[in-house]
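Protein chains: 2
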Amino acid sequence: MSEEDADGDEPAERDGHRDVEHVVAEVRARVTPDEDERRRLREVADRLMDRAETAATALCSDADVLQVGSTARDTWISGDRDIDIFVRFPPELDRETLEEYGLEVGHATLPEGHEEYAEHPYVKGAVEGFDIDVVPCFRLESATEIRSAVDRTPFHTRYLQQRLDDDLAGDVRVAKQFLTGIGVYGSDLRTRGFSGYLTELLVCEYGGVRALLEAAADWQPPVELDPEAHGHTTFDDPLVVIDPTDPERNVAAVCSSENVARFQHYAREFLETPRFDLFEPDEPAPLSESELLGHLARRGTTAVAIRFDAPDLVEDQLYPQLQKSVTGITQGLNDRGFDVFRSTAIADETAVVFAELAVSERPAVERHAGPPVHVRDHAEGFYDTYADDADAYGPFIEDGRYVTERERAFTTARAFLESDRLFDVGLGAHVETALEDGYEVLLDEEVTALLEAFGTELAAYFDPRP
Amino acid sequence: MSEEDADGDEPAERDGHRDVEHVVAEVRARVTPDEDERRRLREVADRLMDRAETAATALCSDADVLQVGSTARDTWISGDRDIDIFVRFPPELDRETLEEYGLEVGHATLPEGHEEYAEHPYVKGAVEGFDIDVVPCFRLESATEIRSAVDRTPFHTRYLQQRLDDDLAGDVRVAKQFLTGIGVYGSDLRTRGFSGYLTELLVCEYGGVRALLEAAADWQPPVELDPEAHGHTTFDDPLVVIDPTDPERNVAAVCSSENVARFQHYAREFLETPRFDLFEPDEPAPLSESELLGHLARRGTTAVAIRFDAPDLVEDQLYPQLQKSVTGITQGLNDRGFDVFRSTAIADETAVVFAELAVSERPAVERHAGPPVHVRDHAEGFYDTYADDADAYGPFIEDGRYVTERERAFTTARAFLESDRLFDVGLGAHVETALEDGYEVLLDEEVTALLEAFGTELAAYFDPRP
Numbered sequence: 001m002s003e004e005d006a007d008g009d010e011p012a013e014r015d016g017h018r019d020v021e022h023v024v025a026e027v028r029a030r031v032t033p034d035e036d037e038r039r040r041l042r043e044v045a046d047r048l049m050d051r052a053e054t055a056a057t058a059l060c061s062d063a064d065v066l067q068v069g070s071t072a073r074d075t076w077i078s079g080d081r082d083i084d085i086f087v088r089f090p091p092e093l094d095r096e097t098l099e100e101y102g103l104e105v106g107h108a109t110l111p112e113g114h115e116e117y118a119e120h121p122y123v124k125g126a127v128e129g130f131d132i133d134v135v136p137c138f139r140l141e142s143a144t145e146i147r148s149a150v151d152r153t154p155f156h157t158r159y160l161q162q163r164l165d166d167d168l169a170g171d172v173r174v175a176k177q178f179l180t181g182i183g184v185y186g187s188d189l190r191t192r193g194f195s196g197y198l199t200e201l202l203v204c205e206y207g208g209v210r211a212l213l214e215a216a217a218d219w220q221p222p223v224e225l226d227p228e229a230h231g232h233t234t235f236d237d238p239l240v241v242i243d244p245t246d247p248e249r250n251v252a253a254v255c256s257s258e259n260v261a262r263f264q265h266y267a268r269e270f271l272e273t274p275r276f277d278l279f280e281p282d283e284p285a286p287l288s289e290s291e292l293l294g295h296l297a298r299r300g301t302t303a304v305a306i307r308f309d310a311p312d313l314v315e316d317q318l319y320p321q322l323q324k325s326v327t328g329i330t331q332g333l334n335d336r337g338f339d340v341f342r343s344t345a346i347a348d349e350t351a352v353v354f355a356e357l358a359v360s361e362r363p364a365v366e367r368h369a370g371p372p373v374h375v376r377d378h379a380e381g382f383y384d385t386y387a388d389d390a391d392a393y394g395p396f397i398e399d400g401r402y403v404t405e406r407e408r409a410f411t412t413a414r415a416f417l418e419s420d421r422l423f424d425v426g427l428g429a430h431v432e433t434a435l436e437d438g439y440e441v442l443l444d445e446e447v448t449a450l451l452e453a454f455g456t457e458l459a460a461y462f463d464p465r466p
Numbered sequence: 001m002s003e004e005d006a007d008g009d010e011p012a013e014r015d016g017h018r019d020v021e022h023v024v025a026e027v028r029a030r031v032t033p034d035e036d037e038r039r040r041l042r043e044v045a046d047r048l049m050d051r052a053e054t055a056a057t058a059l060c061s062d063a064d065v066l067q068v069g070s071t072a073r074d075t076w077i078s079g080d081r082d083i084d085i086f087v088r089f090p091p092e093l094d095r096e097t098l099e100e101y102g103l104e105v106g107h108a109t110l111p112e113g114h115e116e117y118a119e120h121p122y123v124k125g126a127v128e129g130f131d132i133d134v135v136p137c138f139r140l141e142s143a144t145e146i147r148s149a150v151d152r153t154p155f156h157t158r159y160l161q162q163r164l165d166d167d168l169a170g171d172v173r174v175a176k177q178f179l180t181g182i183g184v185y186g187s188d189l190r191t192r193g194f195s196g197y198l199t200e201l202l203v204c205e206y207g208g209v210r211a212l213l214e215a216a217a218d219w220q221p222p223v224e225l226d227p228e229a230h231g232h233t234t235f236d237d238p239l240v241v242i243d244p245t246d247p248e249r250n251v252a253a254v255c256s257s258e259n260v261a262r263f264q265h266y267a268r269e270f271l272e273t274p275r276f277d278l279f280e281p282d283e284p285a286p287l288s289e290s291e292l293l294g295h296l297a298r299r300g301t302t303a304v305a306i307r308f309d310a311p312d313l314v315e316d317q318l319y320p321q322l323q324k325s326v327t328g329i330t331q332g333l334n335d336r337g338f339d340v341f342r343s344t345a346i347a348d349e350t351a352v353v354f355a356e357l358a359v360s361e362r363p364a365v366e367r368h369a370g371p372p373v374h375v376r377d378h379a380e381g382f383y384d385t386y387a388d389d390a391d392a393y394g395p396f397i398e399d400g401r402y403v404t405e406r407e408r409a410f411t412t413a414r415a416f417l418e419s420d421r422l423f424d425v426g427l428g429a430h431v432e433t434a435l436e437d438g439y440e441v442l443l444d445e446e447v448t449a450l451l452e453a454f455g456t457e458l459a460a461y462f463d464p465r466p
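Chains U and G supply the protein sequences, listed in that same order. Everything in the first sequence is counted per the UniProt record's numbering, starting at 1 for the first residue and increasing by one. Everything in the second sequence is counted per the UniProt record's numbering, starting at 1 for the first residue and increasing by one.
(1) Between U:Pro281 and the rest of its own chain, which residues show a CB-CB distance below 7 Å, the 5 nearest in sequence each way excluded?
(2) Among residues of its own chain, excluding the 5 on either side of G:His430, which ones have a beta-carbon nearer than 7 Å to its beta-carbon?
(3) Considering only residues of the same chain and omitting the five flanking positions on each side of G:Arg14, which have a CB-CB separation below 7 Å?
(4) To be precise: take each residue of the stretch 200-229 of chain G, compare its Cβ to all Cβ atoms of chain U, and keep it if any distance is under 8 Å. Which residues remain?
(5) Does the CB of U:Phe270 have a neighbour CB from chain G at under 7 Å?
(6) Would you say G:Glu407 faces chain U, with C-beta separation under 7 Å as the test?
(7) Tell me whether the beta-carbon of U:Gly332 lies closer than 7 Å to the beta-carbon of U:Val441.
(8) Answer yes or no: does any C-beta atom of chain U fall closer than 7 Å to that of G:Gly16?
(9) Could you confirm whether any beta carbon from chain G is found closer than 7 Å to the beta carbon of U:Gly394?
(10) Identify, in the order they occur along the chain, each residue of the same chain with its Cβ nearer than 8 Å to the Cβ of U:Arg362, setting aside the five sequence neighbours on each side.
(11) Can you list the beta strand (DSSP E) stretches of 3 or more residues lying completely in the stretch 405-434 of chain U, in chain order?
(12) Is it buried or exposed for U:Thr301, if we count other Cβ within 10 angstroms and need 16 for buried?
(13) With C-beta atoms as the reference, is U:Leu140 less than 7 Å away from U:Asp133?
(14) Using a Cβ-Cβ cut-off of 6 Å (strictly less than) and excluding sequence neighbours within five positions of G:Gly186, which residues of its own chain qualify?
(15) Anyone know if the C-beta pair for G:Leu427 and G:Ser290 falls short of 7 Å?
(16) Taking just the CA atoms, how far does G:Glu119 sit from G:Tyr101?
(17) Hey, which unbroken runs of the beta strand (DSSP E) at 3 residues or more fall wholly within the stretch 238-296 of chain U?
(18) Answer yes if the stretch 215-231 of chain U comes into contact with the stretch 107-117 of chain U, meaning at least three C-beta pairs across the two stretches below 8 Å, and no otherwise.
(19) Short check: CB of U:Pro286 to CB of U:Ala460, under 7 Å?
(20) Output yes or no for whether 7 Å exceeds the beta carbon distance between G:Leu293 and G:Ala303.
(21) Specify, as a first and last residue, the run of the alpha helix (DSSP H) that G:Leu192 falls within.
(22) Tell me which residue opens and which closes the beta strand (DSSP E) that U:Glu100 is part of.
(23) Interface residues of chain G around residue 498 of chain U at Cβ under 7 Å?
(24) Hey, is U:Glu119's beta-carbon within less than 7 Å of any beta-carbon in chain G?
(25) For G:Ala358, which three-state DSSP category applies?
(26) Considering just the uninterrupted stretch of the beta strand (DSSP E) at G:Tyr117, what are its terminal residues?
(27) Using the C-alpha atoms, what's the distance from G:Arg376 back to U:Leu225?
(28) If we define contact as Cβ-Cβ less than 7 Å, is G:Arg127 a contact residue for chain U?
(29) Using a Cβ-Cβ cut-off of less than 9 Å, list which residues of the stretch 357-371 of chain G approach chain U; keep chain order.
(30) Going by C-alpha to C-alpha distance, which of G:Arg342, G:Leu110 and G:Asp236 sits closest to U:Arg367?
(31) Please say whether G:Glu258 and U:Ile242 have beta carbons closer to each other than 7 Å?
(32) Check whether the stretch 124-133 of chain U touches the stretch 163-173 of chain U, taking contact to mean three or more Cβ pairs, one atom from each stretch, closer than 8 Å.
(33) Mind checking G:Ala379: buried by the 16 CB within 10 Å criterion, or exposed?
(34) For a test of the three-state rule: what should DSSP assign to U:Leu322, helix, strand or coil?
(35) Please list the partners that G:Arg298 has in chain U, where partner means a Cβ-to-Cβ separation under 7 Å.
(36) Using 7 Å as the limit for Cβ to Cβ distance, is U:Gly294 near chain G?
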């Protein structure tokens, strides 16, 4: 190291280091549950586990019960109140019996609970302010033999329980809080971010949250991690973390390249200027009507929205369909010359495909290129068709092809969106059905009608951040 | 041939044949000079050839004189009045002496003549209503040794004189008249069509005008003809006719793919419905103001024109420069989102780049995509630049890159065309100079100001034909 470095950079770097450590330690203190919170959770969990075990072994002597998830691994964020109880049955049981037993144990454990359905049906209920799931699964030798995704969970819990000490568990909490703060925590298909298991693996792999952030700041996707060095499959994802319990699975498969980039961005931002607000989700104030109109005037774009009743789907089904529909409608607009500047989907009870157009009107004519003149049969057919069309200009010849200028089907974006041609674009199946039941096209200042339900989403749209 | 063919198609085909032959014969009769016209031309040509020979041999005993061009080959269209006299000097002469002798012979032959300049200076004059050129050249053993394009002409004349009998010469006249009628006769760089020599070679090669038309109707460009079967070079042109006097030259090099296609189109049209009007150039009536405004209203496009003083160039220099400028300006408009629907250049004393726009206005913002977030140095530089820019939206992340929405330089096509950025596009050198001296941008109904000078050209623009 040169003297200049020693004199100049090192003290500054030390300051930087101290700041990062300071903020991390502070956040860690906030998100770590205290003794009281742990004890209350432990008491409820133990009581319910006992109940579940009694009910389960009464049905099947080979059954056992274990707690999974972040409250089992001591990586939950203070204030989280999820207790996941898995009831394991021997793999000889047929699926139908497993589901029947599972529900029976669930109801015995949670007399006030109700049934929900994921891969199997299971029972969910609230006890003393905690949210409890009682989920049946098969007890298998290895995670590669699983019959459904829930069978994998006990393996994940066991793997991490062996590796997470108190120190790493604390860092996992900080990492989860950071990912939550920047909006990329969760592997649901709305978020397409980092799951809890993925976060825990990343903190383990890098040996702490700070090392993770420093590594992420320099990631060159595709990033490939394989904690157990047993992967043998190639994945086409920006972030690949081979599941330590299953060499054929990428734990980060659902994580979008946007969210990987977002994590990199905020990791750099935090390391450069450590601050607490990155750990808190930042929900903007709802946009007012005058602010919305102000943005449109300043930007000079034409806002357009398709509003319809949201299909009755769980979010993991709804959001991929909405995203497909946004892509399809954007393509449909672009193909007809209505250049989409930016677009998004928003949903609540109503769903909205919202787009800003750079071009919302087109001339009455469009170019229509025919075959090369030398392809005689096709060329003659094309020429004869349009030579007799009094509404078309041409045909004339350009680049050796016949070209005609004919009437354009849609001269305004609204006309296209209100036509049946909207159904030619790629739409999510349930979105298509919902649109068939009716929809409304809002243009320009008409989109202010969206503010009541979606003021916050529109505020975020007009203040786009990494 | 099946019986059905014999019964059905043949009589119709015979009728078709008779019509084609009838029209061709009629046109041939019209365009063939009568005995009187030939005699008068012969008299003038002989007299001037004598004068030229006397003057030439006085200067150089080895010189000789010959008549070239269509009037020498008996392929001129009745009414054409061009006599081309070439004075050949031995190749030992240096170029300077050749030019000096050439002008001396020219002035002796045409005492009233004036000097012009092509590859050499030469003398041009009018005698008894004929337009006479007296051009000096070198007498070489072979066309491959030529020093300038004019040296090749005597070889062309000799080659064709050996092959054109009266019948083929008559068909050459018909072919030239047809190409003139459909607007593709001439190898100047405005027309980029078929030269006289090319036309004569094509008629020879196919054995007549009708065979040429039938072949052209079925051409699959690139079409390659090599009458002397001595070509050994590859050309990247839609029509290749290897010069019988020079294996390395494509006689049709200047012929554009548009004009090849146009010839194919009208050949088919003529063979299907033989008619006389195809042999007459069709100049439309000038467009009126109300017609022009009617077209714009019906088409819904925005007309725009750049008007400037035409550079003082011969057409062969002017038109390629105008074409380059149209391409460059079209590209410049398209690049900025002002979609050009169709464009053209027109010139007289003023020159005009005329374009119809499908989009003439853009929003106040434009998307500006930065580097991928993972390219840390560049990404951080980009982010810091725009994060601090109060006028820009974002940066946000899309497809793993930073994107910002910043102020657009030009929101109207007029603003771009009136700015210095116009000079960033590809322009012909003399057009660029002319624009630097000043130009005017006309928009929408302002383009009616062009009608006085260019009513015919605009009429053709709004009635585009093959």
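All residues carry an ideal CB built from backbone N, CA and C; glycine is no exception.
Based on what the coordinates show:
(1) Thr180, Gly181 and Gly183
(2) Pro311, Leu313 and Gln321
(3) Confidence in G:Arg14 is poor, its pLDDT being 49 and thus under 50, which makes the residue's placement unreliable; the coordinate value appears in the next sentence. The answer is none, since no qualifying residue turns up.
(4) Ala217, Asp218, Trp219, Gln220 and Pro221
(5) no
(6) no
(7) no
(8) For G:Gly16, the pLDDT reaches just 49, beneath the cut-off of 50, and the residue's location in the model is therefore unreliable, leaving the point undetermined.
(9) yes
(10) Arg336, Gly337, Phe338, Arg408, Phe410, Thr411 and Thr412
(11) none
(12) buried
(13) no
(14) Gly193
(15) no
(16) 15 Å
(17) 239-243 and 246-250
(18) no
(19) no
(20) no
(21) It is worth fixing the name first, because residue 192 of chain G is Arg in this sequence and not Leu. Per DSSP, G:Arg192 belongs to no alpha helix (DSSP H) and is neither H nor E.
(22) Where U:Glu100 is concerned, there is no enclosing beta strand (DSSP E), although the alpha helix (DSSP H) it sits in stretches over Arg95 to Thr109.
(23) Summary: the structure shown does not reach residue 498 of chain U, with chain U confined to residues 1 through 466, and so no result is reported for it.
(24) no
(25) coil
(26) His114 to Tyr117
(27) 20 Å
(28) The identity of residue 127 of chain G in the sequence shown is Val, whereas the question assumes Arg. Not an interface residue.
(29) Leu357, Ala358, Val359, Glu361, Arg362, Pro363, Ala364, Val365, Glu366 and Arg367
(30) G:Arg342
(31) no
(32) no
(33) buried
(34) helix
(35) Ala364
(36) no
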